[in-house]
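Data first, discussion second: the structure below is written as structure tokens.
Number of protein chains: 2
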Amino acid sequence: MGKCINHPDRETSFMCMKHNIYLCEECLKCRDPEIHCKFRSSCPIWFMEKRGGKGIDEVPSAEKKIEYKILFKPDNKEISIPEGATLLDAALAADVPLNASCNGKGSCGKCKLVLESGSGKSADTPLLTREEKANNYVLACQTTVHSDITVSIPEETLAKKLKIAGMGKEVTARMQGLVQEISPMLQNISLELTPPTLDDSISDLDRLTRGLSKSGCDVSRMSIDLKVMRELAVAMRDENWKVTASVTRKSCSTEIVRVVPGNGQERSLGLAVDIGTTSIVVYLVDMADGSILAATSAHNRQAACGDDVINRIVCAEKDGVKKLSRMGLATINGLINEAIDSADVKRDRIDNVVLSGNTTMLHLLLQIEPRNIRREPYIPSVSAFPILKAGNVGLKVNPGAAVFVMPGPASYVGGDIVAGLIYTGFHREAPMTLFIDVGTNGEIVLGNKDWLMTASCSAGPAFEGGGVRWGMRAEEGAIEKIVIDPKTFIPSLSVVGDSLPRGICGSGMIDLISEMLKAGIIQQNGKFKADASHPRMTHDGDEKAYILAFANETSVDKDILFMESDIDNIIRSKGAVYAGFKVLLNQAGFDFSMVEQMIITGGFGQYLDLDKAVSIGLLPDIDRDKFTYLGNSSIAGAYMALLSEKYRNEALEISNRMTYIDFSSNNQFMDEFTSALFLPHTNMEDFPSMKGKF
Amino acid sequence: MGKCINHPDRETSFMCMKHNIYLCEECLKCRDPEIHCKFRSSCPIWFMEKRGGKGIDEVPSAEKKIEYKILFKPDNKEISIPEGATLLDAALAADVPLNASCNGKGSCGKCKLVLESGSGKSADTPLLTREEKANNYVLACQTTVHSDITVSIPEETLAKKLKIAGMGKEVTARMQGLVQEISPMLQNISLELTPPTLDDSISDLDRLTRGLSKSGCDVSRMSIDLKVMRELAVAMRDENWKVTASVTRKSCSTEIVRVVPGNGQERSLGLAVDIGTTSIVVYLVDMADGSILAATSAHNRQAACGDDVINRIVCAEKDGVKKLSRMGLATINGLINEAIDSADVKRDRIDNVVLSGNTTMLHLLLQIEPRNIRREPYIPSVSAFPILKAGNVGLKVNPGAAVFVMPGPASYVGGDIVAGLIYTGFHREAPMTLFIDVGTNGEIVLGNKDWLMTASCSAGPAFEGGGVRWGMRAEEGAIEKIVIDPKTFIPSLSVVGDSLPRGICGSGMIDLISEMLKAGIIQQNGKFKADASHPRMTHDGDEKAYILAFANETSVDKDILFMESDIDNIIRSKGAVYAGFKVLLNQAGFDFSMVEQMIITGGFGQYLDLDKAVSIGLLPDIDRDKFTYLGNSSIAGAYMALLSEKYRNEALEISNRMTYIDFSSNNQFMDEFTSALFLPHTNMEDFPSMKGKF
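Those protein sequences? They're chains A and B, same order as listed.
Residue numbering for the first sequence follows my numbering, beginning at 683 and increasing consecutively.
Residue numbering for the second sequence follows my numbering, beginning at 683 and increasing consecutively.
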């Protein structure tokens, strides 16, 4: 039991599993309050559950207890952990990458392990099949440790190497073409100073400043740290008055951040970093010509604390924001190591960094208090950041490197979207544009060079594999494309990495629903109409399911099923995005016919079949030529800002001029959402090209 | 043997004991190269000695050895120290305040101890009398430890409480009267912010900035540290959007240095600190009205590393600048403790600090490399400092407190002189003024509102007690005023603290020489003419001496003598200062008759008898009404800058417009110095009022 977040006088047993907050019945107005909620009308699909006496914050933390050893196979990582801790705690401590989408709440069923020896106490869960339980499968987060234990990680639980979106030659060429002039924040200026004499006995700092001024540097608002002043005398004399000063240009001043002896012109490097909730991408860039020396990416290690930003914030509130920051930094610093190894360059030559990401990711990384992002009225601590120093942030590069953090206009429209605009450039042009970046949240921007409006709708975790039994991210083994034979209902599958399938990713789900609708396996309301006796149809308990792949066709030796509830979740996700389009257009007095181009960005869009996305009502039924897919626009925008002051200034300017529309206080959104809970839509006038096809 | 600092190819055995540098014969051009040198012509009285094989830097540092216990009486402080360390090392480690003017070189003879038990090895020294040696006197710096030892500290070795110059009511009133408007660097601004709503959902930082802007704060160039951003969300909500922001105004920007919940207006405090080479003075000031809540002072603990700036720099080169910084900070933080205890205020309310001091003292305190200050062409690392944070400096006040460091135009004309000008104010007015601050160095400023010239001449340690057998600082027991009966040669003595005498301070020496000259005990060349058989006359070896006090009239039970070599040293000191006046005037095309006022500042000036100072040729023979004594002008100027932005800006402006004349490359200075080695001067035309008096 807990107190309703909106009505603190009311006790309630309903808890939103995404927000980790309690809600009273009145606040739960959608059609199935046992499962869904309407805490924010923009977030109609958040999962609800009845809870017992203990709120999330009341769970006692582990005390000092007997420690047990946990061995993880197949990598044989071992860790000691106190009695009573969970296997998920052990995996986190051992740095074993597990899927744990729901942050240990036991609701996603992703963190499956096989107990090989030793004993744990597992809470009963409906998320494991009878067969799995018989084969010693447990959920890591639901199993506490009471002896030394050996576990193996089954195929489907391993977090594998990501496919990275938007890093092709075309994107790189477009990106580089957009940078006309390279103007880094931190510049290394080599000087040959006149040695002092009795007649020219100004201080070392004044001599340096005079030299900088002569070389064209604006020294009127120059600042310098005590640390740099302390080492100045030695640095300036060490190579006979030849020095190289690193100077950072900030918005209101310039700062001398480093002075080293000598004039050797080593090349200066930069990093563009996109901190996604799911994955992190790092570009290592030669600042002289903008060439990309290495591009690396990895899962954000914070994923062990949950799939979405809300769970990450909850985790930060429980364990401290430093923990999440460490996890993010560990991922980024690992990628930096990979990049400098592959390009064979020196770490301390990295002098400029741009960080892009959503508001929560940037708060967590910088250890800035994130708790108000998830609480009405959803306030970030900081939206525009001053230029920081890499050493203070914790990045393993030159400690004085200048770090530009992409500004973001709101808690749910962050720096990644601003970076996206920088790359797409539609805010510099006349055509009326609708921009969408779909992940767990769908961020939408509408506008052109004259004005920009933006909003965020909670698409839910379905497109990224959450809340869908065999859902997964677009990793190796994910089914990404499907064609179903309308006669036999037999699907042809494309799998990421051309391996045997082990799950289905977002674009696969859209294909699947579109194909099932076309083949008549499901109805427009998302319910199965195919004969339950068909060999491709099965059920789990009362719930019907379509067999996407039989056990012997998979790498997990189990049937991969698509449940009726999975379809329901996808419909809610696509409905929220479509309702977002409608309401934002409406606020501006527009409709879809007035949209001149539609830009889709983000990893999710890469494998998207436009026609099929329109056919299920995710995208509007407009001229297909108006659609453009532009890959990971966040990293591309970060790259551009890394090289060019013009784009850094533009980012601040865009962030300031975007009007943010909050859907959580918008009744029209709820109406539009309800209308969109149909395939493709209750109002078929919106989808003329689909008319009569079902 | 060592290499000449000017000619590294030449080996030499002459070492300057003040500079700790070797000089070849060519560099030793003054009349008595065995004793004196002319390394810089502005410094003709530095003591030289022939050295054996070991240079100062070649002395091996103590290795890990057996440790022995040293007990210091009368305070019973005990310390363990490795075998072979000196008793001075032990005193330093035990924080026992000893006089050690020469920084352990064995040349000043001040660090006398009495061995009570245990055995040490003492190098033979001419600085202890046969009687002293018989009574187990040793020099702490010349005695190494080879067993457990008990020593007692004789009366004359103890460093006692200072008399503090320039803190009277008159000075305070003048100082406070000069501050018209109080404008601190760091201001605490209390705000009552509008809580955020869905329609007003800007970030916390933007909300704070908006609030600051509304309250009249210029936010266009506002910066903020990552640390403050991290705590912003909590601080702003903790007392329901009532917050107090601490904002520091810098020259090129403003910075939010702290945000705390609540609006309680606690009083803000400030510190003015004068870091003298000998003593440190701290004023604790109420920033609301400028009232001085406490004034404390103490010996600079760095004195254990030598009396003058050169020895301090040498010590920093040997042991690291951090050691010297720690000693200075320990003194200041101790004084801060005293001040906050006596005023009963909270440490963290101290938000503003001004540090004044000479260039070396400021470098050492801030741990900025000082080595080039003592090497031609005498370059400081930094002469104008940005506003620092107290936490970074190491001051035990609010860590975000703004610290203004007094700028100084040259290595030997520092922030203390600029502070002095701020207080005297002659640079704002028309009268042609000669300003002098005499200590180990004599800093001279000439000018008015139109122009300012400055120079420094090395007065040597004599006025502060160095190089004079019974010389001491103006502490308790110092003879400060003397009148000699011309018939009996019997002196009447005034002693600081009205106690029995234990030595003679600078003003006493000037009185003494003037009186001896008048009474005919000495000639104008400084040699004794009194009959050697007179009861007041004696000798030590070949050297004649005047008996200033018989053993039974003293607190040290020994005759206090004034030697012929003491007179010689004083003549050199006064000669250097007078030559400084002459040359600086000459450079400007002036002579003494055109000087409209003469301002004397510094502790030394406080007890000075003007007529006697003129009679020995230290001060020029001008109308006595033109002289003004203005006490410790460095602390007064620091106080004014603490309260007023106008004076902080003025300090930077003065420092920039002072023209520094370097005497070390000036032949005229040497000629003037030689002419001034006479009482009062070889050219009696310069001293018309003295004509015919001897």
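All C-beta atoms, glycine included, are put in the ideal place defined by N, C-alpha and C.
Keep in mind that this is a model prediction, so the values were computed, not measured.
Collapsing the DSSP output to three states places D1167/B in coil. The way I'd put it, the segment 1054 to 1065 of chain B doesn't touch the segment 1026 to 1034 of chain B; fewer than three beta-carbon pairs between them come closer than 8 Å.
Distance from the Cα of I1192/B is smallest, within the candidate group S801/B, F1244/B, M1088/B, for F1244/B. Taken in chain order, the unbroken stretches of beta strand (DSSP E) that lie wholly in the segment 967 to 1054 of chain B and span 3 residues or more are 974 to 981, 1032 to 1039. Among the residues of chain A, those whose CB is under 7 Å from the CB of Q1049/B are R912, following chain order. Interface flag for V1035/B against chain A is unset, since no Cβ pair is found closer than 7 Å.
Residues of chain B whose Cβ lies closer than 7 Å to the Cβ of S1347/A are, in chain order, L880.
When Cβ-Cβ separations below 7 Å define contact, V916/A makes contact with chain B.
Annotation: the segment 1251 to 1288 of chain B contains the following complete segments of the beta strand (DSSP E) (minimum length 3 residues), in chain order: 1279 to 1283. Taking a C-beta distance under 7 Å as the contact criterion, Q1279/A and T1136/A do not qualify as a contact pair. Here S804/A has V820, Q824, T825 as same chain residues with Cβ atoms under 6 Å from its own Cβ, once five neighbours each way along the sequence are excluded. For I1192/B, the enclosing alpha helix (DSSP H) stretches over residues 1188 to 1200. With the rule of 3 Cβ pairs closer than 8 Å, the segment 1079 to 1086 of chain A does not count as touching the segment 1356 to 1375 of chain A. Counted as a single uninterrupted DSSP element, the stretch harbouring T1236/A is not any beta strand (DSSP E), since DSSP gives it neither H nor E.
The beta carbon of D771/B sits closer than 7 Å to the beta carbons of I763 from its chain, once the five residues preceding and following it are set aside; these are given in chain order. Listed in chain order, the beta strand (DSSP E) elements of length 3 or more contained wholly in the segment 789 to 841 of chain B are 794 to 799, 802 to 804, 819 to 821, 825 to 827, 831 to 834. DSSP places M1352/B in the uninterrupted alpha helix (DSSP H) bounded by 1349 to 1357. In the DSSP assignment, I761/B falls within the unbroken beta strand (DSSP E) covering 759 to 764. Within the same chain, Cβ atoms closer than 7 Å to the Cβ of E1332/A are found at I1104, the five residues on either side in sequence being excluded. Rounded to whole angstroms, the Cβ separation of A1156/B and C1187/B is 4 Å, and the two are in contact under 8 Å.
Taking C-beta atoms as the reference points, G800/A and I831/A count as a pair closer than 7 Å. Non-local C-beta neighbours of F1286/A in its own chain, meaning closer than 6 Å and more than five positions away in sequence, comprise V1120, F1145, G1188, ordered along the chain. Secondary structure note for G1319/A: its alpha helix (DSSP H) is the uninterrupted segment 1315 to 1325. Take the alpha-carbon of I1203/A and the one of F1210/A: they are about 6 Å apart.
P1091/B carries a coil assignment under DSSP once its states are collapsed to helix, strand and coil. In the DSSP assignment, V1120/A falls within the unbroken beta strand (DSSP E) covering 1115 to 1120. The C-beta separation of K1163/B from Y1289/B comes to about 7 Å, placing the pair in contact by the 8 Å criterion.
When DSSP states are grouped into helix, strand and coil, A1156/B belongs to the coil group.
Per DSSP, the continuous beta strand (DSSP E) segment holding V929/A begins and ends at 924 to 931. Look at N1054/B: its C-beta is under 7 Å from a C-beta on chain A. Listed along chain A, the residues sitting closer than 8 Å to S883/B by beta-carbon distance are P1059, Y1060, I1061, A1092, S1093, Y1342, D1344. The DSSP-derived three-state label of F1210/B is strand. The alpha-carbon of H1109/B is positioned some 21 Å away from that of L1037/B.
Three or more Cβ pairs drawn from the segment 1002 to 1017 of chain B and the segment 1042 to 1050 of chain B lie within less than 8 Å of each other, which places the two stretches in contact. Residues of chain B whose Cβ lies closer than 8 Å to the Cβ of L1070/A are, in chain order, L908.
Look at Q858/A here: in three-state DSSP terms it is helix.
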